[in-house]
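Structure record follows, encoded as structure tokens.
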Amino acid sequence: MNTHRCHTCPPHCPSRAFSLMELLLAVSISVVIIGALYTVFHHTQRALLSSVTQVDVLESGRQAMDIIARDLSQISASDIAGATNLLCFQSPAYKPLQQALVGGAVRTNILHELYFLSRFNRDWTQIGYRVLFASNGVGTLARLSYATNFYNRRPDSNMLAQVARIVINQEPTNYLTLAEGVIHFHVQAYDDMGLLMSWDTTNRFTNKWMYPRLLLGTNVFLWKDREPTETRFAFLSNALPAYLELEVGILEPRARDQFQAFAAGSVMAERFISNRAGQVHLFRQRIPLRESSPFYTKLP
6 MNTHRCHTCP
16 PHCPSRAFSL
26 MELLLAVSIS
36 VVIIGALYTV
46 FHHTQRALLS
56 SVTQVDVLES
66 GRQAMDIIAR
76 DLSQISASDI
86 AGATNLLCFQ
96 SPAYKPLQQA
106 LVGGAVRTNI
116 LHELYFLSRF
126 NRDWTQIGYR
136 VLFASNGVGT
146 LARLSYATNF
156 YNRRPDSNML
166 AQVARIVINQ
176 EPTNYLTLAE
186 GVIHFHVQAY
196 DDMGLLMSWD
206 TTNRFTNKWM
216 YPRLLLGTNV
226 FLWKDREPTE
236 TRFAFLSNAL
246 PAYLELEVGI
256 LEPRARDQFQ
266 AFAAGSVMAE
276 RFISNRAGQV
286 HLFRQRIPLR
296 ESSPFYTKLP
């Protein structure tokens, strides 16, 4: 019997498929690629959001510092016996927040209240700065001012009290909001030699230190504040410091939102904010006062 083979037809070959090992290898490579791409996208998004956050915080802080510095440089003395020109003290409504720093150091965030008189030509204005709605230690830095119609060289002796009597949690209809998320608002006074005017300066401020024609304790008052390391001060009549050093600390919005989710004053809130020192942006500036008169030392 003759057997004929068709040379035009290919020989029969069994069909092949991927083995289980090949499938696992392909899936593993895909997972690695997807994970790497996700990591790259995550860090890119984080960098972009961080840049946006820093821009928002830095612009807000710089704007607030510019407005406050302009106001402080124009503080004026009333030249009235017993009238307050400048008053600064730690806000009694808020508890200072502490944050841990590198090396075991601790930074205490202080919220001050600041009131002063300012004059433009013959018009007098009372201006106040305080942090509002900071029941948990982080609030809104606001400015409040009252202008007078007195075309006089001297204001009334009780002008500054009009600002200081405003209730601290009043609805902000009369306030100008400067910055949100303020955790630190701190003001210190310096004399013309650049020395800090503090209540614990080892008897440096005694009767040997005099304002022109007026002894310290008559028109310049320095007291210990709620925190032992802080000084509340008042300048009356013709007394003014040579410089005011201003510090403003702003907490990043994301950290602020997380912090405000905790109950005010709770242990969890304090623990959370104590580990967020790196998310607080600090602004500092020393402002010279134009109308200040120099202190001088009366040698014994």
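With positions in the sequence shown counted from 1, the corresponding number in my numbering is that position plus 5. Note that the Cβ used here is the ideal one computed from N, Cα and C, for glycine as well. Predicted model only: the values in this text are computed from it and were never measured.
Selected residue, minimal CA-CA separation from residue i, among the options
| i | options | result |
| --- | --- | --- |
| Asn126 | Leu137, Ser81, Tyr120 and Ile85 | Ser81 |
| Val192 | Leu251, Met202 and Ala239 | Leu251 |
| Ala247 | Arg276, Gly254, Ala194 and Gln263 | Ala194 |
| Thr88 | Asn243, Ser297 and Leu106 | Position check: residue 88 holds Ala in this sequence, whereas Thr was assumed. Closest option to Ala88, Cα to Cα, is Asn243. |
| Ala152 | Asp128, Val136 and Leu137 | Asp128 |
| Ala260 | Leu29, Ala31, Ile34 and Val62 | Val62 |
| Leu201 | Thr223, Glu232 and Leu249 | Leu249 |
| Ser279 | Phe264, Arg289 and Pro293 | Phe264 |
| His189 | Leu241, Arg276, Gly199 and Phe288 | Phe288 |
| Leu137 | Ala266, Ala98 and Phe121 | Ala98 |
| Phe121 | Trp204, Ile73 and Arg51 | Ile73 |
| Thr234 | Ile255, Ala266, Pro258 and Trp204 | Trp204 |
| Gly254 | Asp84, Leu29 and Val285 | Val285 |
Collapsed DSSP secondary structure at residue i in the structure displayed
| i | result |
| --- | --- |
| Ala147 | strand |
| Phe190 | strand |
| Glu185 | strand |
| Asp230 | coil |
| Thr49 | helix |
| Leu245 | coil |
| Arg259 | helix |
| Glu235 | coil |
| Thr313 | With the chain running from 6 to 305 in the structure shown, residue 313 is simply not present. |
| Ile292 | strand |
| Leu200 | coil |
| Ser162 | Low per-residue confidence applies at Ser162: pLDDT is 47, beneath 50, and the placement is therefore not dependable, though the value from the model is reported in the following sentence. Of the three classes helix, strand and coil, the one that applies to Ser162 here is coil, per DSSP. |
| Ala254 | As written in the sequence, residue 254 is Gly, which differs from the Ala given in the question. Correct three-state label for Gly254: strand. |
| Asn208 | Here Asn208 scores only 46 on pLDDT, less than 50, and its place in the model is too uncertain to base an answer on. |
| Arg276 | helix |
| Ser123 | strand |
| Leu137 | strand |
| Ile38 | helix |
| Ala269 | coil |
| Leu29 | helix |
| Ala152 | strand |
| Asn282 | In the sequence as displayed, the identity of residue 282 is Ala instead of Asn. Note: Ala282 maps to helix in three-state DSSP. |
| Pro217 | Unreliable placement is indicated for Pro217, whose pLDDT of 43 sits below 50; the coordinate value is still reported in the next sentence. Three-state result, Pro217: coil. |
Close Cβ partners of residue i (< 6 Å) along its chain, the five nearest in sequence each way excluded
| i | result |
| --- | --- |
| Thr178 | none |
| Leu119 | Cys93, Tyr134 and Val192 |
| Ser140 | Ala269 |
| Ser96 | Leu116 and Glu118 |
| Tyr180 | Ala147 and Leu149 |
| Pro293 | Tyr248 |
| Thr130 | Ser123, Ser150 and Ala152 |
Cβ neighbours of residue i in the same chain (closer than 7 Å, five flanking residues each side left out)
| i | result |
| --- | --- |
| Gln79 | Ser123 and Arg295 |
| Ser297 | Leu245, Pro246 and Ala247 |
| Phe238 | Cys93, Ala194, Met202, Phe226 and Leu227 |
| Phe101 | Before going further, note that residue 101 is Pro rather than Phe in the sequence given. Excluding sequence neighbours, Pro101 sits near Thr113, Asn114, Ile115 and Glu232. |
| Asp76 | Ser123 and Ile132 |
Residues near residue i by beta carbon distance below 8 Å, same chain, minus five either side
| i | result |
| --- | --- |
| Ala282 | Gln104, Ala105, Leu106 and Arg112 |
| Ile38 | none |
### Query
Between the stretch 228-247 and the stretch 270-279, do at least 3 Cβ pairs fall closer than 8 Å?
Two segments are said to touch when three or more pairs of C-beta atoms, one from each, lie closer than 8 Å; by this definition the stretch 228-247 does not touch the stretch 270-279.
### Task
With a floor of 3 residues, list each beta strand (DSSP E) that falls wholly inside the stretch 61-98, ordered by position along the chain.
The stretch 61-98 contains these whole beta strand (DSSP E) runs: 89-95.
### Message
Check whether the stretch 141-149 and the stretch 184-194 are in contact - that is, three or more C-beta pairs closer than 8 Å.
### Response
Result yes; three or more Cβ-Cβ pairs closer than 8 Å.
### Query
Is there contact here, the stretch 102-111 with the stretch 58-78, by at least three beta-carbon pairs under 8 Å?
The answer is no - the stretch 58-78 does not touch the stretch 102-111, with fewer than three Cβ pairs under 8 Å.
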